[in-house]
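Right, one structure below, let's go through it.
In our numbering, the protein residues as written are 479 to 687.
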């Protein structure tokens with residue numbers, strides 16, 4: 479890993495670890511210009527997922543459940559799906575992944591996040607975080623110079639940490655993944671992988687109101 483990238487990721491770890499520890503009052507879910515979303519923004523039901531790119535449970539949900547959820551609810555415009563970034567250990571990996579996804583642009587954001595999840599085991603097994611992320615960036619159209627500039631962008635890093643701090647305070651997010659359907663958490667306060675059955679029930683309940 480190049481020294482410049484290493485210094486940034488160390489800084490990410492220090493700032494993000496403070497942000498994750500914050501908690502506050504629970505407020506209603508409101509959309510934000512920073513949100514990454516799929517589906518119908520005018521749908522009656524909004525499903526918010528708070529997730530970390532370095533969270534193994536998030537990766538498993540993405541790989542095993544999300545395809546069916548997407549086909550049933552997103553592709554049919556039945557829900558507004560909002561993905562909100564959170565940071566869990568190793569936070570430097572999560573932060574670099576999210577910076578990379580946003581640099582790729584909104585049209586490739588979810589493609590990059592999915593690639594990170596599907597490459598998560600490889601990263602953790604080999605320890606080659608930078609190499610794997612660089613490969614993902616290249617598949618999204620970046621060269622190495624653009625990749626390095628992306629993951630060392632202090633302005634974008636601050637924006638990411640600000641979002642994490644806000645989510646921790648406003649929605650009392652303490653674990654990932656956490657799913658919120660029309661303001662109501664699925665699978666309890668600490669979150670966890672939500673099965674299709676649990677999401678089906680939560681969405682059905684929200685549709686009745």
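Positions of the beta carbon are idealized from the N, C-alpha and C atoms, including for glycine.
CB contact check: residue i to chain B, cutoff 8 Å
| i | result |
| --- | --- |
| residue 616 | Of the chains in the structure shown, none is chain B; there is only one protein chain. |
Beta-carbon proximity of residue i to residue j, cut-off 8 Å
| i | j | result |
| --- | --- | --- |
| residue 611 | residue 574 | yes |
| residue 547 | residue 642 | no |
| residue 529 | residue 557 | no |
| residue 684 | residue 659 | yes |
Reduced DSSP category for residue i - H, G, I as helix; E, B as strand; rest coil
| i | result |
| --- | --- |
| residue 609 | helix |
| residue 633 | helix |
| residue 672 | coil |
| residue 657 | strand |
| residue 639 | helix |
| residue 677 | helix |
| residue 665 | coil |
| residue 626 | helix |
Local Cβ density within 10 Å of residue i, reported as buried at 16 or more and exposed below that
| i | result |
| --- | --- |
| residue 616 | exposed |
| residue 580 | buried |
| residue 627 | exposed |
Spatial neighbours of residue i in its chain, beta-carbon cut-off 8 Å, leaving aside the 5 residues before and after
| i | result |
| --- | --- |
| residue 637 | 512 |
| residue 595 | 531, 536, 537, 540, 541 |
Contacting residues, own chain, Cβ-Cβ under 6 Å from residue i (five flanking each side not counted)
| i | result |
| --- | --- |
| residue 527 | 561, 655, 657 |
First through last residue of the beta strand (DSSP E) which encompasses residue i
| i | result |
| --- | --- |
| residue 524 | 523-529 |
| residue 514 | 514-517 |
Endpoints, the alpha helix (DSSP H) within which residue i is located
| i | result |
| --- | --- |
| residue 559 | Looking at the DSSP string, residue 559 is not in any alpha helix (DSSP H); the run it does join, the beta strand (DSSP E), is 557-563. |
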